[in-house]
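Going by this note's numbering, the residue at position 426 of the sequence shown is 426; the numbering climbs one at a time, nothing skipped.
Backbone N, C-alpha and C define an ideal beta-carbon position, used for all residues, glycine too.
Being a predicted model, the structure only gives us computed values, none of them experimental.
Single-structure report; data block below.
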Amino acid sequence: MERTEAKTRILKLKRVIDHHRYLYHALDKQEISEAALDSLKHELYQLEQLYPEFLTSDSPTQRIGGKPLQGFPKVAHDSPMLSIEDLFSPKELADWETYLKKLAPSEKIDYFCEPKIDGFAISLVYQNGVFKVGSTRGSGAMGEDVTQNLKTIESIPLRLGSDPRGGSDPKRIIEVRGEVYMEKKDFEKFSADYANPRNLAAGSIRQLDPKVASQRPLKFLAYSLITNLGQQKHSEEHQLLKELGFKTYPGKECQNLSDILDFWRKTARERDRLPFQVDGIVAVVNNNALFQKLGVVGKSPRGIRAFKFSPKQATTKIKDIKSQVGRTGAITPVALLEPVIVGGVTVSRATLHNEDEIKRLGVKIGDTVIVERAGDVIPAVTRVMKELRSGKEKDFVFPKICPACLTRLSKPKDEIIWRCPNPDCQAQKREFLYHFASKKAFDIKGLGPKIIDQLINENLISQPADFFGLEEGDLIVLDRFGQKSAANLVSAIRYSKKVDLNRFIYALGIRHVGEETAIALAQRFDTIKKLQEAAGQTRQSLSDMGIEVSKSIRHWFNNKKNVKMVDDLLEAGIKILLPEKITRRSELNGKTFVITGILDSITRAEAHEKIRLSGGHPLAVVSKKTDYLVVGQNPSSKLEKARKLGIKIINEAVFLRMLVDV
C-alpha cells in the first residue's frame, strides 16, 4: 500500500471506528458486531505500525496505555471541583429551597434532576477537540493526572464530535466532568475482591499500569460542561454533551419541589433495575446565571444538592440462629440468612446483638425479616415481618452454657450481655488472636482469620508471642502456601515487631479498652511498664479513665498469665514506639465527633486520626455529649438519633473545612 493510500485508509478507519464507538457507548445502538469492530481496530493497529508517522494520540488504538507510571503528576483545576452538600429528608429539601429564595427573592427557581451515580468523579480537558488531560477531583483545587488510564475507557471520546457552538481555534479548551463507573453485571466478576463498584472504579483509575485499567470494563457518564459554549440552562448542557460525543443519563426538568420528590421516588423505585449503582439524585438550579449568582459556601455550591436515599434494606428469611463467642467472652446471637444483596453486597449473616434485642424484635427461626446495612456497619435485623409467618417458625432459646467450652454463662445484673467466664475457652483465645493481628492492633499484613485457624490447628501458635517465632518452614505446610508466600508473611510479621504503644495496648484485648482509650493511656503512660505499675497501685492512679475502664485494667494486669504474655512479647523482640504527641491545638480541642456512613475523600480511620491530631475526640456512639455528627453516604440510625438529641449535623465538606482551618 502506498504511503498516501495508507494515510487515507487510516483516517477512514478512525472515523468509522469512532462512529461505531459513539453509537454503542453514547447512544446504546449497534450497527455492526463487536467482532467486526475488533477487526477494524486490528487493521488500524497494523497500518499504524507500518506507518508510525500517521499515529496520533486520538487514535482508537491508543486507548490501552504503554509503560507503567511511577506516580501521578498533580493537575490544578482551573475551576475547582467542588463537593455537593447532602440532603436526607423532604424537610431538608424544602429548607434548601427556602434558603435559595431568601438569597434570590425576585428570581423564579426551577431545577434539573438526574440520578446520582455512585462512581468516581473526573475532569476531562480537550484542546482543539482532542483529549489532552484527565484528572481526579483530589482536593478540589488540585487533582492527579490519570490521562493514560482514562484513555482505556471506550466511552470517553479521544476526539470530540463537531463543536456545536463552532470554533476551530487550536487553543480552544473544552472541559467536561462526569463519573467513571462500572455496571453491576460487570462488577460481579470482581465482587470477591472489591466491596462495591465504586471502589473498583476508583482503584482502577489510580492504577500505575494503564494495562490494568484497560482490562476492566469501566464506563463514563458526563454530567457537566464547564466551558461556556453559550448554554443558559443545565439541561442544555446535557444536549451539548451528547453532540460532543458523550453519553449522559436522561434527567428531568423540575418546576418545583413536588416534581423533585416525584423524580426522587421514581428513581428510588427503579434503582435496582438501573445498570449502575445510585445512592440518590442530584438537584441543581437549572438557570446557569442564577446558579453562578448563588455562589459557593465553603467547598459546596449553594445551587446544587444531593438528595440521598434511605439506608439500603432488603427482606430475607432466617434459616437459623447461632451463638458466637467473642474475645472477651461476650455471647452474640447471629442470624444465618438466606443470602440477599443489601447495598450492593451479598449478606448471609446479621447480628441480633443480644438476648434483649431478640425479645424486643420477637425474632423466630424461619421468620421473614428486614435486614439493613448502613455505611460500614455490620448488617443487622431491624424488623420482623410477623404478618408473613406460616406457623412453622421456631422460638430461639438463648443458651445458658458456652457453645464452645460448655462453661455456664454469666450476666451481671447491670449488664445485658451474657458472657463465658472461662479464661481458657478456646473460642475466646481464637478470637483474641484474630484481634491481636488485626489492622487496628499489630496490623500483620496477610495474617487473617483463615491463616490463624490453620496455625492453631497445626499447633504452631497458642499465644501472640508464637507469631514472632514462625519461620518459612512452618508455613509451607499450610494450604495455599509456597516459598514466596511464606517468605512474605514472615517478612510482614517481622515488620510488625515495631508497634506504637497505643496499638500494643489495644492489641492486648483488655475489656472496655478500645482504640480511643488505648490512645489516651499511651499519651498518659510512656511505657507499658508504667501502665502496669499504675494498675498495681491505688484506684486513684487510673480513676480519671472511668470506673469500668480502670477496673478492667487492674483486673487484667492482676492476672499473672496476662503479665507473662506481655513479658513473652517483649522477649520475642517487640519494640514499642513512644506515642506521637498531639501538636495542633485549636477550637476542636475537647470536641467530640461521631461519623456515620461512608466518607468520599478519606477513610474513617484517617478521619479519626485527623480529629485526634486536632485535639478532638472521635466516638462510636451518638449521645448528649456528642458535639458533631459527620454524615457520609448511606448513614445509619445515628443520624435520626442525632436529630432527636439536637446534635449539630455536618457533611463531609464542612468537616474537612474545619480540619483545614485549624
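Spatial distance of residue i from residue j (CA atoms)
i: PHE432; j: ILE510; result: 10 Å
i: SER155; j: LYS211; result: 17 Å
i: LYS439; j: SER601; result: 20 Å
i: GLN537; j: ILE378; result: 39 Å
i: GLN255; j: ASP279; result: 23 Å
i: ASP466; j: SER224; result: 57 Å
i: GLY161; j: GLU237; result: 15 Å
i: LYS400; j: VAL622; result: 32 Å
i: THR382; j: PHE398; result: 19 Å
i: PRO73; j: ASP145; result: 5 Å
i: PRO423; j: PHE557; result: 14 Å
i: ARG327; j: GLY632; result: 30 Å
i: VAL334; j: ARG360; result: 15 Å
i: ILE365; j: LEU158; result: 57 Å
i: ILE547; j: ARG554; result: 11 Å
i: GLU48; j: GLU97; result: 56 Å
i: LEU37; j: ALA607; result: 47 Å
i: LEU50; j: ARG3; result: 10 Å
i: ASP259; j: GLU516; result: 46 Å
i: VAL363; j: GLU338; result: 15 Å
i: ARG643; j: TYR22; result: 48 Å
i: LEU13; j: GLU175; result: 27 Å
i: LEU221; j: LYS247; result: 5 Å
i: LEU508; j: ALA306; result: 43 Å
i: ILE582; j: ARG612; result: Only weak support is given to the placement of ILE582: the predicted model assigns it a pLDDT of 45, under 50, and the question is left unresolved by the model.
i: LEU208; j: GLY71; result: 7 Å
i: ILE226; j: VAL125; result: 10 Å
i: SER462; j: GLY138; result: 45 Å
i: LYS394; j: LYS322; result: 13 Å
i: HIS512; j: ILE456; result: 26 Å
i: GLY203; j: GLY615; result: 32 Å
Nearest neighbour of residue i, chosen from the options [CA to CA]
i: PHE276; options: TYR249, THR603, LYS560; result: TYR249
i: LEU82; options: VAL296, GLY329, ILE456, GLY362; result: VAL296
i: ASN354; options: MET142, GLU609, ARG419; result: ARG419
i: THR592; options: LEU55, LYS648, LYS132; result: LYS648
i: VAL347; options: GLY329, THR315, GLN231; result: THR315
i: LYS7; options: ALA283, TYR22, GLU31, TYR45; result: TYR45
i: GLN30; options: GLN483, ILE17, HIS42; result: ILE17
i: LYS91; options: PHE131, ASN287, LEU218, LEU261; result: LEU261
i: ALA330; options: GLY134, LYS429, ASP479; result: LYS429
i: ILE444; options: ASP479, ILE173, LEU588, VAL499; result: VAL499
i: ILE598; options: ASN199, LYS529, LEU221; result: ASN199
i: GLU149; options: ARG206, ILE10, ASN459, MET545; result: Reading off the sequence shown, one finds Asn at residue 149, where the question assumed Glu. When only C-alpha atoms are compared, the closest one is ARG206.
i: ILE10; options: PRO52, LEU388, ARG604; result: PRO52
i: PHE112; options: HIS435, ILE304, GLN324, VAL75; result: ILE304
i: GLU85; options: GLU652, GLY134, MET658; result: GLU652
i: LYS386; options: ILE318, GLU458, ALA534; result: ILE318
i: LEU40; options: LEU229, THR61, PHE54; result: THR61
i: GLN292; options: LEU447, GLN426, ILE117, ASN228; result: ASN228
i: LYS116; options: LEU274, GLN231, ARG216, ALA520; result: LEU274
i: LEU388; options: ASP367, ARG408, ALA535, GLN454; result: ASP367
i: GLU43; options: GLY245, MET1, SER57, ALA76; result: MET1
According to DSSP, residues forming a beta bridge with residue i
i: TYR181; result: LYS219
i: LYS648; result: TYR628
i: ALA306; result: ASP86, VAL282
i: ALA380; result: THR351, GLU372
i: PRO527; result: According to the sequence displayed, residue 527 carries Thr and not Pro. None, per the DSSP bridge assignment.
i: GLN633; result: ILE598
i: CYS254; result: TYR111
i: LYS575; result: LYS498
i: THR318; result: Reading off the sequence, residue 318 comes out as Ile, not Thr. Per DSSP, LEU337.
Cβ distance (whole Å) where residue i is taken to contact residue j below 8 Å
i: ARG666; j: LEU294; result: Outside the displayed span of the chain (1 to 662) sits residue 666, for which this structure offers no information.
i: PHE263; j: GLU179; result: That pair is no contact at about 18 Å.
i: ALA572; j: PHE468; result: 4 Å
i: GLY143; j: THR136; result: 4 Å
i: MET182; j: LYS219; result: 7 Å
i: PHE309; j: ALA283; result: That pair is no contact at about 14 Å.
i: GLU253; j: ASN286; result: 6 Å
i: PHE396; j: ILE358; result: 6 Å
i: VAL594; j: LEU645; result: No, VAL594 and LEU645 are not in contact; Cβ-Cβ is about 11 Å, not under 8 Å.
i: ALA522; j: LEU501; result: 4 Å
Write down every uninterrupted run of the alpha helix (DSSP H) in the region 90-150 whose length is 4 residues or greater and which is fully enclosed by it, in chain order. As far as the region 90-150 is concerned, its whole alpha helix (DSSP H) runs of at least 4 residues are 90-103, 147-150.
Which runs of the alpha helix (DSSP H), 4 residues or longer, sit entirely within the region 408-485? 426-437, 449-457, 472-475
Which parts of the region 197-242 are runs of the alpha helix (DSSP H), unbroken and 4 residues or longer, counting only runs that do not cross its ends? 197-205, 210-214
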